[in-house]
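Inspection log for the structure reproduced underneath, given as structure tokens.
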């Protein structure tokens with residue numbers, strides 16, 4: 073789980089950030105707030 077930095081995203085992903093809530097990582101687009109990918113650790 074490494075989206076890169078906000079200024080230099082990895083592997084052609086959008087400029088983004090990641091949050092963790094209730095056992096799920098949500099990778100979100102910085103400009104739109106839409107979820108790009110999710111990862112569950114349960």
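In our numbering, the protein residues as written are 73 to 114.
Where is the CB? At the ideal position from N, CA and C, for every residue including glycine.
| request: Reducing DSSP to helix, strand and coil, say where residue 104 ends up. | output: Within the chain shown, the letter at position 32 stands for residue 104. It is coil, neither helix nor strand.
| task | Take residue 91 and list the residues in its own chain whose beta-carbon comes closer than 6 Å to its own, dropping the five residues that flank it on each side. | result | Here residue 91 refers to the residue found at position 19 when the chain shown is read from its first residue. So the qualifying residues of the chain are 98.
| field | 8 Å contact criterion, which residue 77 and residue 95 should meet: CB distance rounded | value | By 1-based counting over the chain shown, the position of residue 77 is 5. By 1-based counting over the chain shown, the position of residue 95 is 23. Not a contact, Cβ separation roughly 25 Å.
| task | Consult DSSP for residue 120 and reduce its assignment to one of helix, strand or coil. | result | Nothing about residue 120 can be read from this structure; the chain reaches only from 73 to 114.
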